[in-house]
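Contents: one structure, followed by commentary.
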Amino acid sequence: MELTTCEMCSEHNGDITCSCGCKFCEPCFTNLHLRRHPEHRAGGNTKSQAFWNWATDRWANFSDALVRATLFKADEAAKWFGLQTDRLENGRSITSIAETDRLRNLMEISLHFESQSPNRQFPSLTSFVGDTGAGKSTLIRALIFHSEKANKFDPLEAPVAGAQSGSSALISTTGEVNLYLDPNTFGSESPIFYADCEGMLGSSNPVASQHQTQWMHRSERYLVETEDGKPVDRSTAAKTLYPRFLYMFSDVVCYVTRSTRAWPDSAIRLLNWSMTGAQGNINQHSLPALIIILNGPTVENEAWVSDDYEAVTKDFFKAVDSEIDANAKIRELAEKHGDKSMRGLFNRSFSSVHVHYIPLHGFCILGTSLTIMQQTARLAQRIRVDSARVQSRRAAAWTRFDTRQLSLVVEYAFRHLGSRTTEPFDFSSLRQQLLIPQTAEANISEFLGHCLKGGVEERFERTAAVLGSCILRQSLYARDNDMWLVPSSFVNEDMQGICNRAITDFLDHNLQCAFVDPDSSERCVNTKFGHAIGHQSEAGSLLNPGLFVHGAFDSARFVSAVQGSIDRTMKHINAKNPASRQEWRRFAAERQRVRLASLRQLGGYPDHLSSKLSVLGSTRRRDVSHTSVCYGCLFGRPEYALPCGHVLCLPCLEDFDRTDPSARYPGVFVHKECIICAASTGEGWPYKAQVRPDLAGLRVLSLDGGGVRGIIELKLLERLETQIGLGLPIGSFFDFIMGTSAGTSNPGGIIALGIGIQGRDASSCTSLYRDICRDGFKPKTGTKAPVVGWVARWCRGSIYKTSAMESALNTAFIGKTPKTVYGMSNQVRVAITTTVREQGGLIANYNRGGSGRYLNSELPLWKAARCTSAAPMYFEPRTHAGFTCRDGGLTDNNPLQLAVNECKKIWQNNVEFDVIISIGSGRASAEQKKPESWKVLPNWLRELFQTLISTMNGENAWQRFIRDQEPRIKNRASRMNVVFASDVEPALDAFSKVDSMERLANTFLFRGSSVGGDFAPIVGECKLTLVGQLADRLRASMYFFQLGSITKHNGIYAVTGWIGCRLGPGEEALLALIRRTNFFQVKSTHYPLLARAGDSAFRLDVDFNQQDVDAAIRIDVSFAGAAHLVSISGFPLTLRVSLPSRSACPVPSCRPIAFSGLTRCHRLSVHTGTSAGTTSPL
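Position 153, counted from 1, in the sequence shown is what full-length UniProt numbering calls 153; the numbers after and before it change by one each time, with no gaps.
Below, the structure is given as structure tokens:
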């Protein structure tokens, strides 16, 4: 900028511009010029003038159209969402809300902005709304430029300022809604984002839309339903959809207006805008703050820039209060709510109202760049203060959304708005969908919310009866066998505390307000914590101001009813003279079945006709199919998906088994109807589930990532499957499978989903893989070009088209059931890895997710495959459940240790492994080459990518695993990983080498391993390769031992039981297994396998004696043609392990629920005696 000397002394720079237009240095202006002309004012200085030039985008305004077009094109990256209409060839059109990744990208960058940036952040949204030409974009530019930390950003993103003159000044500058960061708060615990919305009345062709034509092609679409056959246009969206959305999520709403004569009209428009937003929501826990900005009016008042910050607020409302008498609609609202001022009406929709003044540049005395800059600084401070206050209120009501939750909530909101439903957005139900119950109190509170909604008195007693049955069943699992079953002991002081805390949470967040409007007879639907706006009807209309009205719910009476239910149930069961704790449990379950049916008749539980799975975007209370609470017992973690969609925990699977007692078999349970909704007809019924028998060991498969090198893993699994020789898919031989991916075709992840969840054989998975490679890898234009390809990759974000991969994955998984991840349909638990920020995450079929490292698993298989396969530079990341998911191999490319840790977490101390198999995708002496454009990645992501490439072969992780594990685990672990002939490992997308890698995997020789000792899985001379040994061990694991009794005679234990099989009667695989089996050896005794037809359940009675409880007990099987013996599942073991531990619990379902220090424990049917020939229950 050209320097001008002081016009008075001609020695110093003229930094200060006087209101008279002259320039002076500071001493001359203050000491000389102002004394002579006291009516003059400082018009600004170099700093303030630079601020004004940047805020108004001065140079762009005066330059040619090409420059402005370039600015608008660059600003397209800031597009967040907007209405989009696509014209079809047949003349029809599809209207949708198009949302870009702008919000998610800003939130992710904020998390990594500085080294001290918090890992958990709570974004705050400030929305700028107002009429066209009011100067919203210019204000946001001013706020961004004046930030103290603005110099940390290059380029500094800000809106293109509106034209100051000409035809462009008469139409909207911003099209749709753009989003910008506040430099001062970016990277902090609560970063503020500015939403720049197009004018309130909408515009058919905003200036920006003439230049921004690509953003909608990289957006997520949410269909907007027509209303009475009429499509939604841009004007309707600006008047209805945008206000409802921005009001929902804004902590601060800045309404910008200019003309003083239009203040009353502006106030009415703003009131209508806020009513549209407020009445589109119910159960809103906190209201946004409102700042009305008088931006450059042709009137000024020095009091408005004084230390009296409320001066302009008082003057503004004094000017508009006359509208209460003049406007019929406003007068009706005021009379209804008892308000006597416009400010009072605004307070119905906002938590605070403040009016701020920005002078008109060049107008009178105050219109200087310095004063404008000072008022901008005041506005920024006001926004920060109001934002912090609203955020604090949200935190107190547990509705302060972090980055993950906000991303997810936004998705819910867009789906809700697109449906054009007349139902308001329910924040209470939204809270139910976001918060995952982690304690017994939270479970019971959610249960009460479902059962008592809309019918407290009618369902009071029956709800208490069901809860009583649940507590009784929980206690029967948790208590020691020698505890007295006394009714009063179940609802003890601890349980009363749990119930009281659950009831308090229910009363705060779920119980409906008891207020009934005297005029309309409509009842308020808001809860206690969702009552910020007052009383609202079911349609969202404001009924009346007022606080929450408590109903007649009596907490003490409810707890007493629960205790009475337990008393009656125990008397009923005791009359049947149950012989064991297991019979107590079954009788209690049958009693609960009756009570659930009774509650279902009153609408407290869903029935099979009305129970429908809720769709994403519905803010009705979460259906009991979509919850982390088992609605069969309230205390277990639901894992097993019934045909109707409801999910049960393992104890409920056992207790509600409808198998005839004479036909019951270990690990097999049959349900003829759903215990929750009573569904019993249709595909999948009766439902049969298989679980791991009590004394069986765990069989674990861990699959590395490796891009197209995944063909190696598939061919090794094919070899293993063929060698086993039972005609079963390879996944049938495992209890836990974990897969990860690295790069492109997500080998570990897709294999785990295919063989584990869908039960595919290895051969069909190979075919699946080839189809994905053929159809999913479509390079973007220029990204594979020699020399300059890296430039195209940098500009286009990834090498391959994401849409092509998603289409290929969808096609691959759509043809077989199940099609979604969550809910186990067979015995195998499956988890795949993904990377969220720098942390590893899991998507698992046994955990609904939403807390800890578990991501929500209620998603289609193809989306899960995408979440684990988005390697940087190869594919764009995938957004799921509020997270930006990248390749799982970035953190756990060899997930073996993670798999074992997960097993320990699920089964805790009751973990004994039969076999642990780790399969890699090949190794060589040198790692693969990195793509040339990898250095353009952000620093944090570049480090992860470097780790991925350097650890692709997984061998370092395997060596660490073997080094750190105790013998009982590492002696059961094996690794299969081929060695490439080349010194350099193939690249993740080396498609040309797939055939050669397949041949290598088919022929590579793995030497057999030898583990000696009493606890070795194989004894005797074994000449098999590693593949043959593993095949024998997996085949032998289909046999298990069922303990009958243990009787102690003078220090010697006599053990009886029988050998069973995981394969059911009549299965071809059982016949094949029997044909390959010679005999069993129990300790040193042979048990020949007599001729069996295989049409009945396999059972071979055995018995043995044992004195040393720590000595190895072997039960082995001999297969045809083999000189060696192989241990059956769970063996060798010691007698100490076979005895039930009072602290161990083999039921994985009970793990996540904290229940006052108690744990549910499923106990084995075991007996012992203290003297010769006698027995007594443990």
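Ideal Cβ placement from N, Cα and C applies to all residues, glycine included.
Taking 8 Å as the cut-off, the Cβ atoms of A804 and K778 count as close. Taking all protein chains shown into account, K672 has fewer than 16 neighbouring C-beta atoms within 10 Å of its C-beta and is therefore exposed.
Nearest neighbour of G776 by Cα position, chosen from I843, N845, A865, F350, turns out to be A865. In this model, S235 and A413 are separated by some 20 Å (Cα to Cα).
Per DSSP, the continuous beta strand (DSSP E) segment holding A98 begins and ends at 93-99. According to the DSSP secondary-structure assignment, N295 is paired through a beta bridge with I358. When rounded, the separation of the alpha-carbon atoms in E26 and Q214 is 50 Å. In the DSSP assignment, A973 falls within the beta strand (DSSP E) that extends over 973-976.
For S250, the enclosing beta strand (DSSP E) begins and ends at 250-257. Put simply, of D1101, P243, E998, T868 the residue whose alpha carbon is nearest the alpha carbon of M738 is T868.
Boundaries for R1007: no alpha helix (DSSP H) harbours it, and the DSSP string shows neither H nor E there. Secondary structure at S110: helix, using DSSP grouped into helix, strand and coil. Judged by DSSP secondary structure, G739 falls within the beta strand (DSSP E) whose first and last residues are 736-739. According to the DSSP assignment, T17 belongs to the beta strand (DSSP E) that extends over 16-18. Beyond the five residues adjoining it in sequence on each side, W52 comes within less than 6 Å, by CB distance, of S369 in the same chain, given in chain order.
Inclusion of G1020 and H1124 in the CB contact set at 8 Å is warranted, their separation being smaller than that value. Distance check between V160 and each of S352, A74, Q582 places A74 closest, using alpha-carbon atoms only. As computed with DSSP, T368 is found in no beta bridge at all.
By the criterion of a C-beta distance shorter than 7 Å, S209 is surrounded in its chain by G175, once the five residues flanking it on both sides are discounted. The DSSP-derived three-state label of R658 is coil. Using a Cβ distance threshold of 8 Å, S429 and V252 do not count as a contacting pair. Secondary structure of K993 (DSSP, three-state): helix. As the crow flies, the alpha-carbon of I712 is around 6 Å from that of M997. Per the C-alpha coordinates, the member of T403, L71, F553, H509 positioned closest to G449 is H509.
Taking a cut-off of 8 Å for Cβ pairs, the segment 599-607 and the segment 674-693 touch, as three or more such pairs fall below it.
Counting the other Cβ atoms within 10 Å of the Cβ of G823 gives 16 or more, which makes it buried.
Restricting attention to Q212, T740, L650, the CA atom closest to the CA of Y477 is found in L650.
Boundaries of the beta strand (DSSP E) around T1077: 1077-1082.
For F529, the closest of N283, I772, G540 by C-alpha to C-alpha distance is N283. If you draw a 10 Å sphere on the C-beta of A696, you find 16 or more other C-beta atoms in it, and that means buried. With respect to the 8 Å criterion, F316 and L294 are classified as neighbours on the basis of their beta carbons. Per DSSP, reduced to three states, the secondary structure at D308 is coil, with no helix or strand assignment. Between the alpha carbons of W80 and K863 lies a distance of about 23 Å. Rounded to whole angstroms, the gap between the alpha carbons of H146 and C364 is 23 Å.
In this structure, G277 lies away from G540, with their beta-carbon atoms at least 8 Å apart. The Cβ atoms of G920 and F1040 lie no closer than 8 Å to each other.
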